[in-house]
Amino acid sequence: MSERSERQVQAVWPPLRPELAGIEPYGAPQLDVPVQLNVNENPYGPSAECVADIAEAAAEAAVTLNRYPDREFVELRRALAEYLSKDAPVSADMVWAANGSNEVMLQLLQAFGGPGRTAVSFAPTYSMYPEYARDTHTEWVAGAREDDFSLDLDKARALIEEVRPSVVLLPSPNNPTGTALPPEAIGLLCEVVGDRGIVVVDEAYGEFRRAGVPSALESLATWRNLVVTRTMSKAFAGAGLRLGYLAAHPAIVDAIRVVRLPYHLSAVTQAVALAALRHAPELLGKVDELRSERDRTVDWLRGQGHEVAESDANYVLFGRFADRHAVWQGLLDHGVLIREVGPDGWLRVSIGTAAEMDTFKTALVAVLNPRGAES
Ligand SMILES: *Cc1c(COP(=O)(O)O)cnc(C)c1O
Numbered sequence: 004m005s006e007r008s009e010r011q012v013q014a015v016w017p018p019l020r021p022e023l024a025g026i027e028p029y030g031a032p033q034l035d036v037p038v039q040l041n042v043n044e045n046p047y048g049p050s051a052e053c054v055a056d057i058a059e060a061a062a063e064a065a066v067t068l069n070r071y072p073d074r075e076f077v078e079l080r081r082a083l084a085e086y087l088s089k090d091a092p093v094s095a096d097m098v099w100a101a102n103g104s105n106e107v108m109l110q111l112l113q114a115f116g117g118p119g120r121t122a123v124s125f126a127p128t129y130s131m132y133p134e135y136a137r138d139t140h141t142e143w144v145a146g147a148r149e150d151d152f153s154l155d156l157d158k159a160r161a162l163i164e165e166v167r168p169s170v171v172l173l174p175s176p177n178n179p180t181g182t183a184l185p186p187e188a189i190g191l192l193c194e195v196v197g198d199r200g201i202v203v204v205d206e207a208y209g210e211f212r213r214a215g216v217p218s219a220l221e222s223l224a225t226w227r228n229l230v231v232t233r234t235m236s237k238a239f240a241g242a243g244l245r246l247g248y249l250a251a252h253p254a255i256v257d258a259i260r261v262v263r264l265p266y267h268l269s270a271v272t273q274a275v276a277l278a279a280l281r282h283a284p285e286l287l288g289k290v291d292e293l294r295s296e297r298d299r300t301v302d303w304l305r306g307q308g309h310e311v312a313e314s315d316a317n318y319v320l321f322g323r324f325a326d327r328h329a330v331w332q333g334l335l336d337h338g339v340l341i342r343e344v345g346p347d348g349w350l351r352v353s354i355g356t357a358a359e360m361d362t363f364k365t366a367l368v369a370v371l372n373p374r375g376a377e378s
């Protein structure tokens, strides 16, 4: 082999799909700093009693680890349906789960997207959506949100009529802006999309919404093309568990079974998720406190003269900074990790404990006004 052709071979090794070459894997920096407010986790871990119950459930599952788990995870689907039924009637055959709602949404794109089909969302929004589209060879179209990050429903309708998507992906509340969808939006989008596609309302942060903001679960009975996704990663204080799920028409759930990997939910995951669900009141017990802390954080940031997006989630997008990276780095130097994400000039802070938020506020003042802090 000549030197030149050898180099050509080198240049394409490993033989990755060309459109993936040079792409950085998704992920926020995982840094070991005292105050971690960057990935919207619940800052409160489980009690000793809850830990013991989870450990016992895992030990019980271990006894039969030589066997494959229940492929249809019937018991877990029943428990998730019961949990969702406090918002709207949901039965077990309307529920599906996977390793995080990210996997649920990828499966939705595998089943309902694909070559020749289009997925639509409205930017700025969750940065994983275009990756699901890329990985399933689905065309990706992003409309734009308004200056206050809300959705102009006339423009949304026009875009959907133009591109006729098979999948519409809409987080409510939206990440990274915190913006919830108004109730009329869901009906309008489901109507315009019709039987040609599905409308996925990603309620990863649904439990944090403010009083009076309805869940899309309430619209399931009206729209058979509506899919509502949830996760145990955020309000449920189970990010390490990797359990996300959806509620939808049973025919949609049935369709996903075609693309799921065999036994995708491990026996340990199923057992641990069931144990965590038994402790739902405790694990969700800090949600009200976190919502109040969020509202206090919004007020405080506004009081400091910052622009702050309305938030129904457990994070707040604020700005604008000429050099947001410098502010992010300055906070990190004070031991506070937040997220450099969203439109240029904005930063996102997750809501932590009251003590963590105090540290964040003190650090932000020091970073933005270094001389004031010294004197
Ligand atoms: C965090 C988050 C999720 C949840 O991801 P998991 O895979 O369930 O941990 C889903 N959607 C959005 C918009 C998120 O921010």
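So that you can map any letter, position 274 of the sequence shown is 277 in this note's numbering, and since no number is skipped, the others follow by simple counting. The beta carbon of each residue, even a glycine, is placed where N, CA and C say it ideally should be.
Residue i - containing alpha helix (DSSP H), residue span
i: L111; result: 104–115
i: L191; result: 186–196
i: Y86; result: 77–87
i: R351; result: Note, R351: premise wrong, no alpha helix (DSSP H); beta strand (DSSP E) at 350–353.
i: A126; result: That residue, A126, is in no alpha helix (DSSP H); its beta strand (DSSP E) goes 121–126.
i: L277; result: 270–281
i: D139; result: Looking at the sequence shown, residue 139 is not Asp but Thr. Unbroken run through T139: none, as it is neither H nor E.
i: F363; result: 357–371
i: T67; result: Here T67 belongs to no alpha helix (DSSP H), and DSSP marks it neither H nor E.
i: R327; result: 327–336
i: W303; result: 290–306
CB contact below 8 Å: residue i versus chain D
i: A278; result: The structure shown contains no chain D, having only a single protein chain.
Residue i: first and last residue of the uninterrupted beta strand (DSSP E) it sits in
i: R260; result: Looking at the DSSP string, R260 is not in any beta strand (DSSP E), and its letter there is neither H nor E.
i: G146; result: 142–147
i: Y318; result: 318–322
i: V98; result: 98–101
Whether residue i touches residue j by CB criterion (8 Å)
i: I259; j: A114; result: yes
i: T300; j: V38; result: no
i: M131; j: Y29; result: yes
i: L40; j: V352; result: yes
i: P176; j: H140; result: no
i: D90; j: L220; result: yes
i: A82; j: L246; result: no
i: V330; j: L350; result: yes
i: G338; j: V77; result: no
i: S124; j: L156; result: no
i: T234; j: A207; result: yes
i: A240; j: N45; result: yes
i: R323; j: E310; result: yes
i: P127; j: G345; result: yes
i: S153; j: G116; result: no
i: V334; j: V319; result: The sequence as given places Leu at residue 334; Val does not occur at that position. No, they are not a contact pair.
i: A136; j: L111; result: no
i: L19; j: A276; result: no
i: D382; j: Y129; result: Summary: the structure shown does not reach residue 382, with the chain confined to residues 4 through 378, and so no result is reported for it.
i: S218; j: L229; result: no
i: V289; j: Y47; result: Note that residue 289 is Lys in the sequence shown, not Val. In contact: K289 and Y47 (Cβ atoms closer than 8 Å).
i: V231; j: A183; result: no
i: E142; j: R120; result: yes
i: A242; j: L192; result: no
i: R342; j: A24; result: no
i: H282; j: C53; result: yes
i: A93; j: A101; result: It is Val, not Ala, that sits at residue 93 in the sequence shown. Contact: no.
i: S236; j: G355; result: no
For a minimum of 3 consecutive residues, which ranges assigned as the beta strand (DSSP E) are wholly contained in the stretch 163–249?
Residue ranges of uninterrupted beta strand (DSSP E) with 3 or more members, entirely inside the stretch 163–249 and ordered along the chain, are 170–174, 201–205, 229–234.
For ligand 1, enumerate in chain order all residues having a CB closer than 5 Å to any of its heavy atoms.
Matched residues: G103, S104, N105, Y129, P174, N178, D205, A207, T234, S236, G247.
Sufficient close CB pairs (3 or more, under 8 Å) joining the stretch 191–205 to the stretch 154–164
Between the stretch 191–205 and the stretch 154–164, the count of C-beta pairs closer than 8 Å reaches three or more; the two stretches touch.
I'd like to know if the stretch 265–275 and the stretch 294–314 are in contact, where contact means that at least 3 CB-CB pairs between them fall below 8 Å.
Verdict: no, contact absent.
Segment contact, 8 Å Cβ cut-off, at least three pairs: the stretch 94–107 with the stretch 245–254:
The stretch 94–107 makes contact with the stretch 245–254; the number of CB pairs closer than 8 Å reaches 3 or more.
Using a Cβ distance threshold of 8 Å, determine whether the stretch 53–64 contacts the stretch 209–220, with at least three qualifying pairs required.
By the Cβ test, the stretch 53–64 is not in contact with the stretch 209–220, since fewer than three Cβ pairs between them sit closer than 8 Å.
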